[in-house]
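These notes concern the structure reproduced below.
There are 2 protein chains.
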Amino acid sequence: MKLKTGDSTTQVHRITESEVLAFAKISGDHNPIHVDEAFARTTPFGARIAHGMFVGSLLSAILAPRLPGPGSIYLSQTFKFLRPAFLGEEISITVTVLEVRPDKPIVRLETKVLNAKGESILEGEAVAKVPNLER
Amino acid sequence: MKLKTGDSTTQVHRITESEVLAFAKISGDHNPIHVDEAFARTTPFGARIAHGMFVGSLLSAILAPRLPGPGSIYLSQTFKFLRPAFLGEEISITVTVLEVRPDKPIVRLETKVLNAKGESILEGEAVAKVPNLER
């Protein structure tokens with residue numbers, strides 16, 4: 023896997039109701055803000071929103087297969103949840119190489135999720151080991 | 023919701039194959055280290071492991087309903103993935119209040135996951151807003 027600073031990949035994803043319900047089931051997080059539309063309408067968000075960690079999970083799914091690539095091992099991740107992601111909303115997930123460590127097969131990545139308006143909904147950094155790293 | 027430094031909750035969870043397969047489907051991360059036992063046996067781990075972000079998702083599911091409590095809003099989360107979590111393994115997820123901000127209804131939490139041997143597999147910190155915080 024050949025990687026250099028600035029390498030980037032973007033994936034667009036529309037969040038569906040069935041995904042959010044499936045994530046509630048698998049994680050055990052049945053917070054009504056995610057699963058109960060009538061309740062969600064009474065909140066400041068005004069509608070159901072996806073679990074922050076579901077958006078994080080979509081992001082992590084990009085990491086392994088696409089960037090930094092197959093065989094990579096996730097060492098750390100930070101998330102700042104800046105805005106909600108609504109059901110039905112199309113989000114854009116981008117991973118960009120910030121640094122390839124000179125001493126070890128380790129890369130640092132910027133991870134960012136935008137909503138359809140281009141507003142940042144999630145920002146953070148990941149660090150991954152890439153055993154088959156080429157420079 | 024009444025919260026003070028040192029408040030803590032622990033949840034024990036056994037990771038099942040069906041959960042890991044469901045998480046692969048919902049996240050789109052079909053890395054064979056998670057879903058293909060024959061492949062996983064050829065890796066240094068020697069067996070299938072759960073997605074790091076699935077373990078993170080279980081952790082996030084504790085946050086809302088139990089600590090800091092219903093109505094809380096996730097502001098940030100950091101994860102260090104220290105060891106793998108194997109399928110069938112019983113893990114122990116603990117969330118502890120590190121700080122209740124004096125100026126705002128915001129808490130900082132330690133988030134930690136141990137395996138059955140008591141080894142740390144995931145560590146990090148979360149920050150959450152607790153609109154109904156009582157001191």
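Chains A and B supply the protein sequences, listed in that same order. Counting in my numbering, the first sequence runs from 23 upward without gaps. Counting in my numbering, the second sequence runs from 23 upward without gaps. All C-beta atoms, glycine included, are put in the ideal place defined by N, C-alpha and C. Keep in mind it's a predicted model, so treat the numbers as computed, not measured.
Query                                                                                                                         : Result
Reference residue 135 of chain A, options A:117, A:49 and A:154, closest by Cα                                                : A:117
Entirely enclosed alpha helix (DSSP H) segments - the region 26–98 of chain A, minimum 4 residues                             : 39–49, 54–57, 59–63 and 74–85
Exposure of residue 91 of chain B, with buried meaning 16 or more beta-carbon neighbours within 10 Å                          : buried
For residue 65 of chain B, the nearest candidate out of A:103, A:85, A:93 and A:123 (CA to CA)                                : A:93
Any non-hydrogen atom of the ligand FAD closer than 7 Å to residue 80 of chain A Cβ                                           : Questions concerning the ligand FAD fall outside what the structure shown contains, since it holds no ligand whatsoever.
Closest Cα partner of residue 57 of chain A within the set A:107, A:43, A:27 and A:142                                        : A:43
Cβ-based neighbour list, residue 86 of chain A, same chain, cut-off 8 Å, excluding 5 preceding and 5 following                : 92, 94 and 96
Bridge-paired residues (DSSP) for residue 141 of chain B                                                                      : None, per the DSSP bridge assignment.
Beta-carbon proximity list for residue 71 of chain B, same chain, < 8 Å, skipping 5 on both sides                             : 55, 56, 62, 106, 107, 108 and 109
Validate contact between the region 149–156 of chain A and the region 123–132 of chain A using beta carbons, cut 8 Å, 3 pairs : yes
Which listed residue (A:37, A:35, A:46 and A:114) has its alpha carbon closest to that of residue 140 of chain A              : A:114
Proximal residues of chain B, C-beta to C-beta of residue 142 of chain A below 8 Å                                            : Result: empty, since nearest Cβ-Cβ is about 13 Å, beyond 8 Å.
Reference residue 53 of chain B, options A:36, A:74, A:48 and A:89, closest by Cα                                             : A:89
Assumed close pair residue 73 of chain A, residue 82 of chain B - CB separation to whole angstroms, cut-off 8 Å               : 7 Å
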